[in-house]
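Peer 1:
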Amino acid sequence: MQYLIIDILYLVLIWGIYKIRHSSNQMIRMLDNGYAFYESLPKSQKEFYWKKDTQLLMGFMLGIGICINIMFYQIELGASLLIIIGIFLLGIVISTGIYTYLYFRLKRKYIKNKGD
């Protein structure tokens, strides 16, 4: 039951991030740290960039969520604490690495297109 509550809280966190990124209120959207780069883009590219960036962020959050659930599964199986912590850290490192790589690829694509 406690794992279900943690999953629900995590989904609420993902929903909150989604709402911040899709808010029509500019003050709320400025809470997102990628907003300055977004504002520097030409109007024709803004919407597509924002959708792709949000898609990357949601993929990252999903990866962390899957890692948390695998960790809970290992707790239920009675795995050692070292294995549980290792799975959690490995999931965070892999998700962060993939997100960072894809984010910089996306940003580089738009910086290159902006110069043309």
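Our numbering puts the first residue of the sequence shown at 543, with every later residue one more than the last. Every residue, glycine too, gets a C-beta built ideally from N, C-alpha and C.
(1) For the putative contact between residue 579 and residue 654, defined by C-beta atoms under 8 Å, what is the C-beta separation to the nearest angstrom?
(2) State the Cα-Cα distance for the pair residue 605 and residue 613, rounded to the nearest angstrom.
(3) Under 8 Å, with one C-beta from each stretch per pair, do the stretch 588-603 and the stretch 616-632 reach the 3-pair mark?
(4) Please check the pair residue 610 and residue 552, which I expect to be a contact at CB under 8 Å, by giving their CB distance rounded to whole angstroms.
Peer 2: Let me lay it out:
(1) Wrong, their Cβ atoms sit about 14 Å apart, outside the cutoff.
(2) 12 Å
(3) no
(4) 7 Å
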